[in-house]
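Numbering-wise (my numbering), the sequence shown opens with residue 41 and increments by one.
The C-beta atom is built at its ideal place from N, Cα and C for all residues, glycine as well.
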Amino acid sequence: MKQIIKQQDGLGLVEVIAALGISVVVITSLLSLTLFSLRTSLQSTLLMEGTKAANTQMELLRAYRDGSVWVDFVSAVTGCAPPSGCYVTMPTLGVVKPGQKVTMAGATAISTRFFTTAEPGNMVIHVTVQSDWDIGGQNKKTFVYSDLTNWQQK
């Protein structure tokens, strides 16, 4: 009987060390999953906010087109080329300024600008709205495309 007990000396210590090792692996896995989920959530939020900013700029551009004479609209938006581009201001609708509009999504700055190209005869204006932001040392972008025409024949 004493022989069996002596062979089991230290077995409890081995079980405790194994349990601690398994606990460390489980806790590390949970932390890794949590960090991955937070990073993915932030990226999705910024993509949504960037797309929202681009859509807002496109709608302002459409409203400016609808509220002005086509010739004035074309002269205001031509020359908005990469990389600087232009943006439509608010609340004074219809003021096209060179550069970019910066909005904040939490602590992240989202820069939005549009670029235009015109068909011969200026009957169709191709518009690209770009929003970009930096996250984790990487530059992310989203784009919205549209063709604007003189549909009201102004």
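Using CA coordinates, which residue listed in Ser-72, Val-184, Ala-103, Lys-194 is at the minimum distance from Phe-155?
Within the sequence shown, residue 155 is the residue found at index 115, counting from 1. Here the closest residue by C-alpha is Val-184.
Along the chain, where does the beta strand (DSSP E) that runs through Val-231 open and close?
As displayed, the chain neither begins before 41 nor continues past 194, which places residue 231 out of reach and without an answer.
Compare the beta carbon distance of Leu-100 and Met-144 with 9 Å and say whether it is the shorter of the two.
Taking the first residue of the sequence shown as position 1, residue 100 is located at position 60. Taking the first residue of the sequence shown as position 1, residue 144 is located at position 104. Using a Cβ distance threshold of 9 Å, Leu-100 and Met-144 do not count as a contacting pair.
Return the first residue and the last residue of the beta strand (DSSP E) that Ser-186 is part of.
Translated into positions along the sequence shown, residue 186 becomes position 146. For Ser-186, the uninterrupted beta strand (DSSP E) run begins and ends at 178-189, by DSSP.
With 16 other CB atoms within 10 Å as the buried threshold, where does Leu-188 fall?
The residue given as residue 188 occupies position 148 in the sequence shown. Counting the other Cβ atoms within 10 Å of the Cβ of Leu-188 gives 16 or more, which makes it buried.
By the three-class DSSP mapping on this structure, what secondary structure does Thr-80 have?
On the sequence shown, position 40 is the one that residue 80 refers to. In the structure shown, Thr-80 falls within a helical segment according to DSSP collapsed to helix, strand and coil.
So the candidates are Leu-86, Leu-53, Ile-62, Tyr-104; which of them puts its Cα closest to the Cα of Gly-176?
Against the sequence shown, residue 176 aligns to sequence position 136. Comparing Cα positions, the closest option is Leu-86.
List the whole-angstrom C-beta distance separating Val-169 from Gln-83, where the pair is believed to meet the contact cut-off of C-beta under 8 Å.
As a first step, residue 169 must be located in the sequence shown, where it is residue number 129. As a first step, residue 83 must be located in the sequence shown, where it is residue number 43. In fact, because the Cβ distance is near 20 Å, the residues do not count as touching under 8 Å.
For my contact list, Lys-181 and Asp-172 are in at a C-beta cut-off of 8 Å; report their separation, rounded to the angstrom.
In the sequence shown, the residue the question calls residue 181 occupies position 141. In the sequence shown, the residue the question calls residue 172 occupies position 132. Sure, about 4 Å apart at Cβ, within 8 Å.
Which residues in the same chain as Gln-192 place their Cβ atom closer than 6 Å to its Cβ, once the five residues preceding and following it in sequence are excluded?
The sequence position of residue 192 within the sequence shown is 152, counting from 1. Answer for Gln-192: no residue qualifies.
Taking 8 Å as the threshold, find out whether the stretch 152-167 comes into contact with the stretch 113-125 through three or more Cβ pairs.
Output reads yes: the stretch 113-125 touches the stretch 152-167.
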